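The block underneath contains the structure these notes are about, expressed in structure tokens.
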Amino acid sequence: MIKVGIIGVGTVGKSVINILKDNADIISARAGVDIVVKSGVVKNLSKDRGLEIILSDNVDDILDDSEIDIVVELMGGVDEAFLVVKKALRSGKAVVTANKALLAYHRYELQDIAQDMAFEYEASVAGGIPIINALRDGLSANHIKSIMGIMNGTCNYMLTKMMNEDVEYDAILKEAQELGYAEADPTFDVGGFDTAHKLLILASIAYGIDAKPEDILIEGIQNISADDIAFAKEFGYAIKLLGIARKTNNEVELRVHACLISKDEMIAKIDGVMNGISVVGDKVGETLYYGAGAGGDATASAVVANIIDIARSGKSKPMLGFDKPLEGELKLKSIDTITSKYYLRINVSDKTGVLAKISKIFEENNISIETMLQRPASKDSANLLISTHIAVEKDIQNMIERIAELEFVNFKPVMIRVI
């Protein structure tokens, strides 16, 4: 019998307990052994959770329990979780976590500590979608050319509503909060940070890149307006918040931001709270992974799958999928050197000579205009909606700063990259 201790018995923790109980017959058959939850740790012992396990508010009651074989860390956060997981591994206990923030900052340290101890984390990226094992095992024969994914259901729900129902950002954010998709402080989701944590985990498996969130380009969806939605519709685009990893020669670019992407692309068709991740391998070509990226049962499904894997073998495969650095010395590509097509929304006062002066700045920064529309914004102002040919990030940013300084430009231009 395998005994499990759960640190953080919230929505996902309760789902883990219920799945192990409800599906005990098939889980035992697949694992080759019975798996039971012995105890759990919660912050508030006075709250009735209706569970038939021992509960404590002290993590050491699990970490020091010699009968516990697997510790499931669902407490969230970074620093305290890091201390707990380190102690569990050093105590000879296998660990399963769903904590993307912990792994975004400490995945390589934990790999060094774990060594041959089982450490699994499928639920940390895209909930119930088995993308970790797909990259680490199913695609292990491939050089990964790119990863591009919708990894945050909150943002995808909001953008889908904005595209399909012409709802303004502030209104749909309020709705998402009322439905429980967005937190009272939604910055972690809508600012792109949740997606960035997940992207860093996938990039480590694919490329062996040791980057932190502070090292990569992270932007959110807060500045997207009805004008941007209208432009996207007119030119056959969807707007999605994407995490993107792409290898070129010996460099890997990592970035999270809103994108204009052709509606014909498969990933553009993924709507609502669902997640989808496209992975391109040099031998297999493109593979697409779709499913529920959050929620108690979906996330717990991935946690339980990891528990079953550990019960089968009792030993971990290399945590990040390799025993030595991948593909020589891959480096993180400088944000300034990223290339893309771009869309800009520039709000200008209704004066003569505006277009000529803005066009001159485009030319001086080596940026070629592909399309341009003008839409009224108010009685005395208009929005210029411009898309470019492929340009360099540094040139675009320099151009935006120069345009923002013009006396007839009413606020800093909004920019969205085009895939």
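Counting in this note's numbering, the sequence shown runs from 564 upward without gaps.
Don't be surprised by glycine CBs; every beta carbon is placed ideally from N, CA and C.
Predicted model only: the values in this text are computed from it and were never measured.
- Here Asn727 is exposed: its Cβ has fewer than 16 other Cβ atoms, across all protein chains shown, within 10 Å.
- Inter-segment contact for the stretch 738-746 and the stretch 640-649 is absent: fewer than three beta-carbon pairs are separated by less than 8 Å.
- By the neighbour-count criterion, in which a residue is buried when 16 or more other Cβ atoms sit within 10 angstroms of its Cβ, Thr758 is buried.
- Between the alpha carbons of Lys584 and Ile959 lies a distance of about 55 Å.
- Note on Ser922: under 16 other CB atoms within 10 angstroms of its CB, so exposed under the neighbour-count rule.
- Ser944 has Ser912 as its beta-bridge partners, per DSSP.
- Under the DSSP assignment, Leu817 falls outside any alpha helix (DSSP H), being part of the beta strand (DSSP E) whose first and last residues are 814-825.
- Around Ala795, the same chain offers Met726, Ala801, Ile802, Leu823 as residues with beta carbons nearer than 8 Å, after the five sequence neighbours per side are excluded.
- Setting aside the 5 residues that flank it on each side, Gly806 is surrounded in the same chain by Gly712, Met714, Thr758, Leu762, Val819, each with a C-beta closer than 6 Å to its C-beta; the list follows chain order.
- Gly859 and Leu918 have their C-alpha atoms spaced approximately 52 Å apart.
- Spanning the alpha carbons of Ala689 and Ile695 requires a straight line of approximately 9 Å.
- When the beta-carbon positions are compared, Ile873 and Ile633 come within less than 8 Å of each other.
- Burial check for Gly835: the Cβ neighbour count within 10 Å stays below 16, so the residue is exposed.
- Three or more pairs of CB atoms, one per stretch, sit closer than 8 Å, so the stretch 593-606 contacts the stretch 620-638.
- Counting only residues of its own chain and dropping the five nearest sequence neighbours on each side, Leu804 has a CB closer than 8 Å to the CB of Ile713, Asn715, Cys718, Asn719, Leu722, Gly755, Thr758, Gly783, Ile784, Val819, His820, Ala821, Cys822.
- Between the stretch 766-779 and the stretch 924-939, the count of Cβ pairs shorter than 8 Å is below three; the stretches do not touch.
- Annotation for Tyr853: no alpha helix (DSSP H) segment contains it, though the beta strand (DSSP E) segment containing it runs 848-855.
- By the criterion of a C-beta distance shorter than 8 Å, Glu814 is surrounded in its chain by Leu893, Lys894, Leu895, Lys896, once the five residues flanking it on both sides are discounted.
- Contact between the stretch 659-676 and the stretch 590-600 is not established, with fewer than three Cβ pairs separated by less than 8 Å.
- Taking the Cα positions, Leu608 is about 7 Å away from Leu618.
- The C-alpha of Val579 is placed about 7 Å away from the C-alpha of Ser864.
- Rounded to the nearest whole angstrom, the CA to CA distance from Met882 to Ser903 is 33 Å.
- Residue pairing by DSSP places Gln674 in no beta bridge whatsoever.
- Beta-bridge partners assigned by DSSP to Arg938: Asn946.
- Taking the CA atoms as reference points, Ile901 sits about 7 Å from Glu816.
- Shown here, Lys737 sits in a helix according to DSSP, grouped into three states.
- Annotation for Gly576: the continuous alpha helix (DSSP H) segment containing it runs 574-585.
- In this structure, the alpha-carbon of Asp899 lies about 32 Å from that of Tyr684.
- Between Val575 and the set Ile966, Ser876, Phe925, Val867, the nearest pair of CA atoms involves Val867.
- Rounded to the nearest angstrom, the Cβ distance from Gly884 to Leu673 is 14 Å, too far for a contact under 8 Å.
- Considering only Phe971, Ile953, Leu969, Glu643, the residue with the shortest C-alpha distance to Ile979 is Ile953.
- For Glu964, the enclosing alpha helix (DSSP H) covers residues 956-967.
- Taken through DSSP and simplified to helix, strand or coil, Ser629 comes out as coil.
- In chain order, Thr717, Cys718, Met721, Leu736, Ala745, Gly783, Ile784, Gln785 place their CB closer than 8 Å to the CB of Val753, counting only its own chain and leaving out the 5 sequence neighbours on each side.
- Here Ala734 is exposed. Its C-beta has fewer than 16 other C-beta atoms within 10 Å.
- For the pair of segments examined, the stretch 906-913 was found to touch the stretch 960-972: the number of CB pairs separated by less than 8 Å reaches three.
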